[in-house]
Ligand code: NAD
Ligand code: IPM
Ligand code: MN
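Right, dumping it as structure tokens:
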């Protein structure tokens with residue numbers, strides 16, 4: 001198991017330390033960790049946020065553990081050098097088109113949610129976010145219009161193959177869950193969504209056991225807060241999935257709790273929390289490492305087929321929450337390393 005460890009910026013470093021300690025506590029054999037620079041850290045050292053050697057390591061490793069990138073001091077760089085381009089570049093280069101972002105209430109901890117406990121308790125959904133298309137990767141730029149005004153543009157586009165491959169992933173995921181798939185789009189306005197919906201309908205013919213519905217994204221944002229329990233698998237495009245998953249995190253309790261897996265056609269995957277580098281709390285040792293630890297669990301499951309170990313790690317995080325070891329994001333005062341300590345202790349017990 002060769003793992004590329006890309007901790008990145010801000011709290012990325014702090015939470016990665018705890019995820020690696022938790023992995024170590026599982027006592028796995030054959031774990032080989034190779035660290036490399038990514039994001040602002042890499043830009044400062046090598047002049048590029050995604051250095052060639054980092055990309056090479058990511059391509060040859062069996063899995064990538066990714067912390068976060070983001071550095072406010074470097075926000076003024078041109079697009080190609082922006083530190084966020086590192087994570088976008090990794091996703092694109094490795095063709096990790098399927099981003100799995102599960103959101104599930106922790107039993108007995110419904111009151112951590114921003115929603116009423118009886119509403120929050122029912123949340124058990126999987127956002128399947130397309131990750132290598134949409135406005136993120138369409139033609140983009142800034143120009144001056146004929147009238148002499150500055151204009152920015154980002155083209156939204158999906159071709160049918162991009163939609164059908166993520167749709168297949170979503171239907172198969174639904175088959176392994178409660179067999180409900182809600183495709184979220186904006187087909188009342190966007191041509192991209194009209195085609196998206198059509199292709200999803202075509203793919204659905206191959207999965208008669210899955211109940212398919214469609215929802216506009218504005219309604220989906222509202223329904224996610226009104227009654228998140230209605231969703232099983234939520235299939236959506238890159239930008240809508242980005243926004244809805246941050247929202248879903250607060251239905252569970254905190255953005256520091258949601259993990260993700262970015263997958264392509266092989267078992268090589270990139271595993272990262274859904275949150276960013278959190279510059280406002282970086283360096284203080286108060287970030288919640290749970291999302292990073294849970295991302296490591298997703299790695300064990302999806303890249304290495306280690307379901308038992310993945311479940312052990314997830315259970316340890318849940319038990320630590322249940323013990324009331326909570327960070328400031330959840331109204332507690334436990335530090336990053338205290339949460340990590342508690343997870344390690346739980347794994348040893
Ligand atoms: P963010 O997710 O970094 O932070 C949003 C808020 O949530 C902040 O108040 C932060 O303190 C809090 N938060 C996030 N993770 C937390 C954790 N584990 N524990 C406790 N609190 C946590 O989003 P942002 O502030 O909009 O972005 C900051 C930087 O991160 C930007 O440069 C952005 O581009 C980047 N970013 C990177 C990724 C990634 O690497 N995949 C994801 C999102 C944002
Ligand atoms: C995420 C982040 C990224 C995204 C940014 C940093 C490019 O918000 O992973 O959710 O928009 O995909
Ligand atoms: Mn995001």
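Residue numbers (UniProt numbering): 1 to 349.
Cβ coordinates follow ideal geometry from the N, Cα and C atoms, glycine included.
Item checked: Ordered list of alpha helix (DSSP H) runs contained in the segment 120-178, each at least 4 residues -> 160-175
Check: Pairing CB atoms from the segment 234-246 with CB atoms from the segment 314-324, are three or more of them under 8 angstroms?
Finding: no
Notebook entry, point to check: Buried or exposed: where does residue 336 fall if 16 or more other Cβ atoms within 10 Å of its Cβ makes it buried?
Noted result: Along the chain shown, read from residue 1 onward, the residue named residue 336 stands at position 336. The residue is buried, with at least 16 neighbouring Cβ atoms inside 10 Å.
Notebook entry, point to check: Which residue comes first and which comes last in the beta strand (DSSP E) that contains residue 216?
Noted result: Along the chain shown, one-based indexing puts residue 216 at 216. Here the beta strand (DSSP E) through residue 216 covers 211-216.
Next item on the list: Ignore the nearest five residues each way along the sequence and tell me which others in residue 123's own chain have a CB closer than 7 angstroms to its CB.
Entry: On the chain shown, residue 123 is found 123 positions in, with the first residue counted as 1. The answer, listed in chain order, is 103, 104, 105, 228, 229, 251, 252.
Next item on the list: Using only alpha-carbon positions, find the residue among 348, 269, 333, 288 that is nearest to residue 57.
Entry: Residue 57 sits at position 57 when you count from the first residue of the chain shown. Comparing Cα-Cα distances from residue 57 to each of 348, 269, 333, 288, the minimum goes to 269.
Notebook entry, point to check: Are residue 3 and residue 33 touching if we call contact CB-CB under 8 angstroms?
Noted result: Position 3 of the chain shown, counting from 1, holds the residue named residue 3. Position 33 of the chain shown, counting from 1, holds the residue named residue 33. Yes, the Cβ-Cβ distance between residue 3 and residue 33 is below 8 angstroms.
Check: In the structure shown, what three-state DSSP assignment does residue 69 receive?
Finding: Looking up residue 69 in the chain shown gives position 69. Coil at residue 69, not helix or strand.
Check: Which residue's Cα is closest to the Cα of residue 206: 175, 233, 283, 330?
Finding: As a first step, residue 206 must be located in the chain shown, where it is residue number 206. Of the listed residues, the one whose Cα sits closest to residue 206 is 175.
Margin query: Considering only the alpha carbon of each residue, which of 59, 312, 287 lies closest to residue 325?
Written below: Your numbering for residue 325 matches position 325 in the chain shown. It is 287 whose Cα lies nearest to the Cα of residue 325.
Notebook entry, point to check: Using the C-alpha atoms, what's the distance from residue 17 back to residue 309?
Noted result: Counted from its first residue, the chain shown places residue 309 at position 309. Counted from its first residue, the chain shown places residue 17 at position 17. In a straight line, the C-alpha of residue 309 is about 19 angstroms away from that of residue 17.
Item checked: Proximity winner among 72, 347, 215, 69, relative to residue 189 (alpha-carbon distances) -> Taking the chain shown and counting its residues from 1, one reaches residue 189 at position 189. Nearest C-alpha to residue 189: 215.
Check: Is the beta carbon of residue 289 sitting closer than 8 angstroms to the one on residue 255?
Finding: As a first step, residue 289 must be located in the chain shown, where it is residue number 289. As a first step, residue 255 must be located in the chain shown, where it is residue number 255. Contact: no.
Notebook entry, point to check: Can you tell me the Cα-Cα spacing of residue 272 and residue 259, whole angstroms?
Noted result: What you label residue 272 is simply residue 272 of the chain shown in a count that begins at 1. What you label residue 259 is simply residue 259 of the chain shown in a count that begins at 1. Roughly 6 angstroms between the two C-alpha positions.
Margin query: I'd like to know if the segment 78-89 and the segment 31-50 are in contact, where contact means that at least 3 CB-CB pairs between them fall below 8 angstroms.
Written below: yes
Notebook entry, point to check: Buried or exposed: which applies to residue 8, given that a residue is buried once 16 or more other Cβ atoms fall within 10 Å of its Cβ?
Noted result: On the chain shown, position 8 is the one that residue 8 refers to. Buried: at least 16 other Cβ atoms inside 10 Å.
Checklist line | Cβ neighbour criterion (16 or more within 10 Å) applied to residue 193 | finding: Translated into the one-based positions of the chain shown, residue 193 becomes position 193. Buried: at least 16 other Cβ atoms inside 10 Å.
Next item on the list: Go through its chain and collect everything with a Cβ distance to residue 323's Cβ below 7 angstroms, but skip five positions before and after it.
Entry: To locate residue 323, count along the chain shown from 1; it is residue 323. Here the set comprises 342.
Checklist line | Spatially closest choice to residue 113 from 247, 320, 282, by CA coordinates | finding: By one-based count along the chain shown, residue 113 stands at place 113. Out of 247, 320, 282, 247 has the C-alpha closest to the C-alpha of residue 113.
Note to self: Only counting the same chain, and skipping five residues up and downstream in sequence, which positions put a Cβ closer than 8 angstroms to that of residue 92?
What the structure shows: Numbered from its first residue, the chain shown carries residue 92 at position 92. So the list reads 132, 137, once near-sequence residues are dropped.
Item checked: Every unbroken beta strand (DSSP E) within the segment 253-318, with a cutoff of 3 residues, ordered by chain -> 259-263, 269-273
Checklist line | Neighbourhood of ligand 2 [Cβ distance below 5 angstroms to any heavy atom], ordered by chain position | finding: 84, 242
Next item on the list: Please report how far the alpha carbon of residue 151 lies from the alpha carbon of residue 72, in whole angstroms.
Entry: For the purposes of this step, residue 151 is taken as the residue at position 151 of the chain shown. For the purposes of this step, residue 72 is taken as the residue at position 72 of the chain shown. Distance between the alpha carbons of residue 151 and residue 72 is about 24 angstroms.
Checklist line | Residue(s) in a DSSP beta bridge with residue 6 | finding: Indexing the chain shown from 1 puts residue 6 at position 6. DSSP lists 66 as partners of residue 6.
Check: Is there contact between the segment 288-306 and the segment 60-68, where contact requires at least three CB pairs shorter than 8 angstroms?
Finding: yes
Item checked: Of the listed residues 297, 20, 24, nearest to residue 348 (C-alpha basis) -> Along the chain shown, one-based indexing puts residue 348 at 348. Among 297, 20, 24, the Cα nearest to that of residue 348 belongs to 24.
Note to self: Just to confirm the assignment, what range does the beta strand (DSSP E) spanning residue 45 have?
What the structure shows: Counted from its first residue, the chain shown places residue 45 at position 45. Looking at the DSSP string, residue 45 is not in any beta strand (DSSP E); the run it does join, the alpha helix (DSSP H), is 40-46.
Next item on the list: In the DSSP assignment, find the beta strand (DSSP E) that holds residue 349 and state where it starts and stops.
Entry: Translated into the one-based positions of the chain shown, residue 349 becomes position 349. Counting along the chain, residue 349 falls outside any beta strand (DSSP E), and DSSP gives it neither H nor E.
Notebook entry, point to check: Excluding the five sequence neighbours on either side, which residues of its own chain have a C-beta within less than 7 angstroms of the C-beta of residue 153, listed in chain order?
Noted result: Within the chain shown, the letter at position 153 stands for residue 153. Closer than 7 angstroms at Cβ, skipping near neighbours: 140, 141.
Margin query: At the level of alpha carbons, what is the spacing between residue 96 and residue 265?
Written below: Counting from 1 along the chain shown, the entry for residue 96 is found at position 96. Counting from 1 along the chain shown, the entry for residue 265 is found at position 265. Approximately 8 angstroms, taken between the alpha carbons.
Next item on the list: Would you list the residues whose beta-carbon is nearer than 5 angstroms to any heavy atom of ligand 1, in the order they occur in the chain?
Entry: 68, 69, 70, 84, 87, 255, 256, 275, 276, 277, 278, 280, 281, 287, 288, 329
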